[in-house]
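Numbering (this note's numbering), first residue to last: 2 to 141. Encoded as structure tokens, the structure appears first; notes follow it.
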Amino acid sequence: MEGLILTKLNTFSSDEGSVYHCLRSDDPNYVGFGESYFSFINYNAIKAWKIHQEMTLNLVVPIGMVRFNFIDIREYSETFGERIEVTLSFSNYQRITVPPNVLFGFKGVGEDINMISNITDMVHTDKECINVDINKYEFK
2 MEGLILTKLN TFSSDEGSVY HCLRSDDPNY VGFGESYFSF INYNAIKAWK
52 IHQEMTLNLV VPIGMVRFNF IDIREYSETF GERIEVTLSF SNYQRITVPP
102 NVLFGFKGVG EDINMISNIT DMVHTDKECI NVDINKYEFK
């Protein structure tokens, strides 16, 4: 999907514990910092659908397992209509960079705690984000 980037992230383990990278200012896909937050989603719960009109998202799942669905609704995009499903977890530790105007939703598939870290390039505002009825598109 045009502009949607999946990046394998570095992890470092030692006897004392581990370090899991998320985003660095020298990463090629870094476009700025607005805010960082964590979103928790219960097992089998679905949060869908959202469109950020201006914001770029950087999504990482350091705890649990989360299934993401992305649909390209940008009529000007070469990948208009394309759909991508990606599952991220502690064992599949990657970052998804999501450009503006891509429809997305996610589902908690881990049976315990499922946590998403999101680092955005701007501070969230309600007028920038559009919520779309969950029944408008099938979540796969």
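Ideal Cβ placement from N, Cα and C applies to all residues, glycine included.
- With fewer than 16 neighbouring CB atoms inside 10 Å of its own CB, P29 falls in the exposed class.
- Going by DSSP, S15 is part of the beta strand (DSSP E) stretching over 12 to 15.
- L104 is the residue among E55, L104, V32 whose C-alpha sits nearest the C-alpha of N70.
- Given a length threshold of 3 residues, each whole run of the beta strand (DSSP E) inside the segment 32 to 110 is given here in chain order: 36 to 41, 47 to 53, 58 to 64, 66 to 73, 84 to 90, 95 to 99, 103 to 109.
- Put simply, of D127, P101, K137 the residue whose alpha carbon is nearest the alpha carbon of T57 is P101.
- Taking F13 as reference, the option from G111, F91, I52 with the minimal CA-CA separation is F91.
- Exclusion of the five residues before and after Q95 leaves L7, T8, K9, L10, L89 as the residues of its chain whose Cβ lies within less than 7 Å of its Cβ.
- In the DSSP annotation of this structure, V124 is not part of any beta strand (DSSP E), being labelled neither H nor E.
- Among the bridge pairs identified by DSSP, S26 is matched with none.
- Three or more beta-carbon pairs separated by less than 8 Å link the segment 106 to 117 to the segment 42 to 58, which places the two stretches in contact.
- Within the same chain, Cβ atoms closer than 8 Å to the Cβ of C23 are found at L10, N59, V61, P63, R96, S118, I120, the five residues on either side in sequence being excluded.
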